[in-house]
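In my numbering, the protein residues as written are 3 to 205. Accompanying notes for the structure given below.
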Ligand SMILES: [Mg+2]
């Protein structure tokens, strides 16, 4: 930015100060990218509430150990369950992952924190996801919310994510957030709750 401003002849004291502050921050602060679903948002809890209610069941997260949702449920239920993600109220009602607000707020004081969510999986979710983040994580600037597909584009030092596919594509240090589907994996360092995230990054 600064080079372009100078080259174009319109660098001012103000753009110079902003550029310097930005450079200083980048040098001082490491950048953490944090996934949304199953990491700060308890999407599984919301999904199970709907599924159990619709089909008269009482499944818990334990039932899904080592399996993704659609591998584990009755194949005849899959099409109806796919519709959940397209319901207007699905994302709005997702509970916050316990402890995540306090820890992300504290991380935000010491790191550049970004929320990076693979929203391309359900493009109609953009607005609902943004509103959910604004409501529950108002201290994260909208400029640090990233809706993406392939997370290899994310330039951060760390990525906290429950999805192995995203961690494998990421170029920084990947940290696996425990979810029922990934409990057996040993490929990445693991955190199982937000207090463990606090311990890892803030000691
Ligand atoms: Mg996720």
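For glycine and all other residues, C-beta sits at the position ideal for the given N, C-alpha and C.
Contacts around residue i, its chain only, beta-carbon distance under 7 Å, and the 5 residues preceding and following it disregarded
{"i": "residue 90", "result": "none"}
{"i": "residue 151", "result": "120 and 122"}
{"i": "residue 197", "result": "101"}
Any non-hydrogen atom of ligand 1 closer than 6 Å to residue i Cβ
{"i": "residue 165", "result": "yes"}
{"i": "residue 91", "result": "no"}
{"i": "residue 95", "result": "no"}
{"i": "residue 37", "result": "yes"}
{"i": "residue 197", "result": "no"}
{"i": "residue 189", "result": "no"}
{"i": "residue 40", "result": "yes"}
Proximity to residue i [Cα-Cα], best of the options
{"i": "residue 175", "options": "159, 141 and 133", "result": "159"}
{"i": "residue 131", "options": "179, 43 and 84", "result": "43"}
{"i": "residue 125", "options": "103, 93 and 156", "result": "93"}
{"i": "residue 60", "options": "68, 51 and 67", "result": "51"}
{"i": "residue 127", "options": "70, 100, 140 and 85", "result": "85"}
{"i": "residue 154", "options": "104, 171 and 57", "result": "171"}
Close Cβ partners of residue i (< 8 Å) along its chain, the five nearest in sequence each way excluded
{"i": "residue 135", "result": "38, 117, 142 and 147"}
{"i": "residue 80", "result": "72"}
Check whether residue i and residue j have beta carbons under 7 Å apart
{"i": "residue 163", "j": "residue 184", "result": "no"}
{"i": "residue 192", "j": "residue 178", "result": "yes"}
{"i": "residue 180", "j": "residue 96", "result": "no"}
{"i": "residue 114", "j": "residue 173", "result": "no"}
{"i": "residue 161", "j": "residue 35", "result": "yes"}
{"i": "residue 106", "j": "residue 138", "result": "no"}
Same chain, Cβ closer than 6 Å to residue i, five either side skipped, listed in chain order
{"i": "residue 169", "result": "163, 176 and 190"}
{"i": "residue 67", "result": "182 and 185"}
{"i": "residue 87", "result": "124"}
{"i": "residue 10", "result": "At residue 10 the pLDDT is 49, less than 50, meaning the model places this residue with poor confidence; the figure from the coordinates comes in the next sentence. Excluding positions up to five away in sequence, the list is empty."}
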